[in-house]
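*Asks:* Can you read through this structure? Questions will come right after.
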Amino acid sequence: VATVDAGLDLYLSEPFSFAALENPGDAPISSRPLAALDTKGDESYLAFGPGGTAVFVADGDLVSVAGVDSWESLLSPRPLARTALVALNTPGRETAASILDDRLLFVSDRPGGAGGLDVYLSRLVGGDWAAPCRVAAACSSADEMRPVLVPYGGAGAERTGGRPVSGEIADVDNLLLLFSSNRPGGKGGYDFYYVGLPRD
């Protein structure tokens, strides 16, 4: 959301139903800014990580916040301690962060990529996010955006939402990596794509 500090800020909305989004004549959904994360610049893509941590994007850099267990813990009016993730940031642009367990995905236009914004993966090792590697299977000379991992299948994941899943899905060795891209061959603009990402 664009705000009076001329940047993008993170907000927490009150509970709402998706049906409410389909009625443009209704009052806006009530929300409040996460002032504890406001840097007076651009903040976006907040993702919760393991061990009470979170990662978000602040002015093109990935930033870590400790002591974050829930959305409610981010409602403090006082700034929370933030740490730039030096091992992940470059003079290029880092954005679109998402986390699944010990895996942090983001996109970057750093040197050495395939061109445009590419997908990168960092693993949590000893409490720190390690230097990232480019996910070549998801990258092209165009822009990739908003990568997310879907947690299904594999050992110990034979049930989803309390319901059994098929043996075919339960035996899948890869995680499902979803992302969007404006690469040639799509329907135009950004289209959805997916690749398998090894679990280990």
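In our numbering, the protein residues as written are 1185 to 1384. Even for Gly, the Cβ is constructed at its ideal location relative to N, Cα and C.
Straight-line CA distance for A1231 to V1303?
*Replies:* 16 Å
*Asks:* How long is the line joining the alpha carbons of G1311 and D1253, rounded to whole angstroms?
*Replies:* 16 Å
*Asks:* To the nearest angstrom, how far is it from the Cα of G1236 to the Cα of A1203?
*Replies:* 32 Å
*Asks:* In or out: L1205 buried (at least 16 other Cβ within 10 Å) or exposed?
*Replies:* exposed
*Asks:* Thinking C-beta only, is R1318 closer than 8 Å to S1364?
*Replies:* No, the Cβ-Cβ distance between S1364 and R1318 is not below 8 Å.
*Asks:* Roughly how many whole angstroms lie between the Cα atoms of I1283 and P1263?
*Replies:* 23 Å
*Asks:* Measuring CA to CA, which of L1289, G1299, S1325 and N1207 is closest to A1280?
*Replies:* L1289
*Asks:* Can you tell me the Cα-Cα spacing of D1286 and L1194, whole angstroms?
*Replies:* Taking the Cα positions, D1286 is about 23 Å away from L1194.
*Asks:* Can you tell which of A1314, L1221, V1309 and G1297 has the C-alpha that lies nearest to the C-alpha of A1321?
*Replies:* G1297
*Asks:* Would you list the one or two residues that DSSP bridges to Y1304?
*Replies:* F1290 and R1318
*Asks:* So, under 8 Å CB-CB, A1220 and L1258 are touching, yes? Tell me the CB distance rounded to an integer number of Å.
*Replies:* 6 Å
*Asks:* Please report the Cβ distance between T1223 and A1242, rounded to the nearest whole angstrom; I am assuming they are in contact, meaning their Cβ atoms lie under 8 Å.
*Replies:* 5 Å
*Asks:* Count the other CB atoms, across all protein chains shown, that sit within 10 Å of the CB of G1340; report buried if there are 16 or more and exposed otherwise.
*Replies:* Because the pLDDT of G1340 is 48, which lies under 50, any placement of that residue in the model is unreliable, and the number read from its coordinates should be weighed accordingly. Exposed, by the Cβ-count rule.
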